[in-house]
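The block underneath contains the structure these notes are about, expressed in C-alpha cells.
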Amino acid sequence: GEDVEQSLFLSVREGDSSVINCTYTDSSSTYLYWYKQEPGAGLQLLTYIFSNMDMKQDQRLTVLLNKKDKHLSLRIADTQTGDSAIYFCAETYTGGFKTIFGAGTRLFVKA
Amino acid sequence: DTAVSQTPKYLVTQMGNDKSIKCEQNLGHDTMYWYKQDSKKFLKIMFSYNNKELIINETVPNRFSPKSPDKAHLNLHINSLELGDSAVYFCATSDGTNSPLHFGNGTRLTVT
C-alpha cells in the first residue's frame, strides 16, 4: 500500500544536529522529498533526492537514502530556533501525479 | 507576486451550506492539486488535475467538486458542508510528473 511513516516529535538544543527519519513503501519512486511547514503557512520544498543517489548535501542539510531498507533521513546541522517547524517526508506515485506525505515531524529547538 | 494564491484565507460557515475555494497560479504549471490537512496536520491528497483534466480523485465524497476553467485555476466547490469538513485546504501545483509541489498558503475552513 501507499504509506510514508515518520516519528511525530523531535526536540533538540540550539546548535545541535537534528536527524529526522522516514520510511516509505514504493520502491519505484523516482524522487523523495522533504518539505517544511511553518505555522499558518503552506508547505515549502526543502530538498529532494533522486532515487539513484545515496546522499545529497545542501548547506546545513544532508539527505541520506537507503533504498534497500526504504529509509530516508534529513539531518540539519547547527539547528537554529528558526528551524522549528513541521518537516514532511514525501514520495510520488501514479506517474508522478500523486504525492503522499508522512504525518510530519514536529521539530522543537530549545535556546 | 504570489505564485499560488488561494481565496479566501479563512472561511467560517454553518453545516449544510455550500461554499467555494479558489486557487490561481502564475507559474505556468500543467498540474494542480487539492490537499486536505486535518487538525493533526495529516495531509491527504483529494484531487489532481493535469491540463484541466481530472487525473486523481482520491475517494472524496461527491459533495466535493473541483473545477478547472483553465490551466491557471483550480476551484473547489463543497456542497452540504459537514462538521468533518473543517480543515485547512491547500492548493498546489507542479511542473510535470515527479516534480516538487508548490503550495498556496491554505484556506482554513471551519464548519459550525
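So the protein sequences, as listed, match chains A and B. First residue of the first sequence? That's 2 in our numbering, and the numbers climb one at a time after it. First residue of the second sequence? That's 948 in our numbering, and the numbers climb one at a time after it. Each residue gets a CB set at the ideal place from its N, CA and C atoms; glycine is no exception.
Counting only C-beta atoms, is residue i closer than 8 Å to chain B at any point?
i      : result
A133/A : Only positions 2 to 112 of chain A appear in the structure, and residue 133/A is not among them; the question remains open.
T82/A  : no
F102/A : yes
T106/A : no
L44/A  : yes
K99/A  : yes
For residue i, would you say it is in contact with chain A, using Cβ-to-Cβ distances shorter than 8 Å as the test?
i       : result
P1047/B : yes
N964/B  : no
N997/B  : yes
F994/B  : no
I1002/B : yes
L990/B  : yes
Give the secondary structure of residue i by DSSP, where H, G and I count as helix, E and B as strand, and everything else as coil.
i       : result
T1057/B : strand
L33/A   : strand
D1032/B : helix
T82/A   : helix
So which residues on chain B does residue i lean against when the C-beta distance must stay under 7 Å?
i      : result
Y32/A  : N1045
T93/A  : N1045
Y128/A : Nothing about residue 128/A can be reported from this structure: the residues present for chain A run from 2 to 112 only.
Along chain A, which residues have their Cβ under 7 Å away from the Cβ of residue i?
i       : result
G1051/B : G43
Taking Cβ-Cβ distances shorter than 8 Å, what residues in chain B pair up with residue i?
i     : result
F89/A : L990
Write down the C-beta distance between residue i and residue j rounded to the nearest angstrom, noting that I regard them as a contact closer than 8 Å.
i       : j       : result
A1034/B : G1051/B : About 14 Å; that fails the 8 Å criterion.
Can we say the stretch 82 to 89 of chain A touches the stretch 958 to 976 of chain B, given the rule of at least three CB pairs closer than 8 Å? The stretch 82 to 89 of chain A vs the stretch 958 to 976 of chain B: no contact.
So does the stretch 1021 to 1039 of chain B actually touch the stretch 67 to 87 of chain A, counting three or more Cβ pairs closer than 8 Å? As far as the Cβ criterion goes, the stretch 1021 to 1039 of chain B does not touch the stretch 67 to 87 of chain A, which means the pair count is below three.
Would you call the stretch 952 to 964 of chain B in contact with the stretch 990 to 1010 of chain B, where contact means no fewer than 3 C-beta pairs closer than 8 Å? Touching, no.
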